[in-house]
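If you read the sequence shown in the UniProt record's numbering, its first letter stands for residue 1, the second for the next number, and so on. Taking it in order: structure first as structure tokens, then the write-up.
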Amino acid sequence: MATTGNKNINAKLVLLGDVGAGKSSLVLRFVKGQFVEFQESTIGAAFFSQTLAVNDATVKFEIWDTAGQERYHSLAPMYYRGAAAAIIVYDITNQASFERAKKWVQELQAQGNPGMVMALAGNKVDLLDARKVAAEASYQFLLHISLPQNINIILLLIGNSEHDFEGRMTFRIIIILIF
1 MATTGNKNIN
11 AKLVLLGDVG
21 AGKSSLVLRF
31 VKGQFVEFQE
41 STIGAAFFSQ
51 TLAVNDATVK
61 FEIWDTAGQE
71 RYHSLAPMYY
81 RGAAAAIIVY
91 DITNQASFER
101 AKKWVQELQA
111 QGNPGMVMAL
121 AGNKVDLLDA
131 RKVAAEASYQ
141 FLLHISLPQN
151 INIILLLIGN
161 SEHDFEGRMT
171 FRIIIILIF
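Written out as structure tokens, the structure is:
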């Protein structure tokens, strides 16, 4: 959850998604401004923090980058419990990654915080020639789950190259939605 005090805000953010979806790349871009083309798989989870000035407040993100391997799935509730926001990342070049992302969204709906902001992030749009998940499929999924239940979820399509503007903006959009 997001907590405030004297215009200082702490917000827990969790990234979920399949192995190879690009979760760690998004976090490294946001926290360190780095892009590593061949990122090692996360084991368990990695923790990062990033502090930003937003309007007249200071926001400190406590970011949990979770491992995408199925064997770590049972640990995920420990990371998303108490989160103000979740970014569910899928690789647009991998249909199975998108199917797994849909399951994460459903799990968060059932077990996550009621006011949690969720972003479904289609990553690697710089690889359009290899695209397997149509943007329309993502939009349809969001309409199917968000309209009847009135949940806070948005769709982000992100390129993950060294000149990535969208990846950095993902976190700024999350800030706006949380606060």
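All residues carry an ideal CB built from backbone N, CA and C; glycine is no exception.
Cα-Cα separation between residue 13 and residue 115, rounded to whole angstroms: 13 Å
Around the C-beta of residue 135, are 16 or more other C-beta atoms found within 10 angstroms, so that it is buried, or is it exposed? exposed
Look at the alpha carbon of residue 75 and the alpha carbon of residue 140, and state the distance between them as a whole number of angstroms. 29 Å
Just how far apart, CA to CA, sit residue 60 and residue 89? 21 Å
The segment 105–125 in contact with the segment 17–32 per 3-pair CB rule at 8 Å: yes
My output table needs one value for residue 134: the three-state DSSP class, helix, strand or coil. coil
Figure out for me which residue from 28, 111 and 51 has the closest Cα to the Cα of residue 40. 28
In the DSSP output, which residue or residues are listed as bridge partners for residue 84? In the DSSP output, where bridge partners are listed per residue, residue 84 has none listed.
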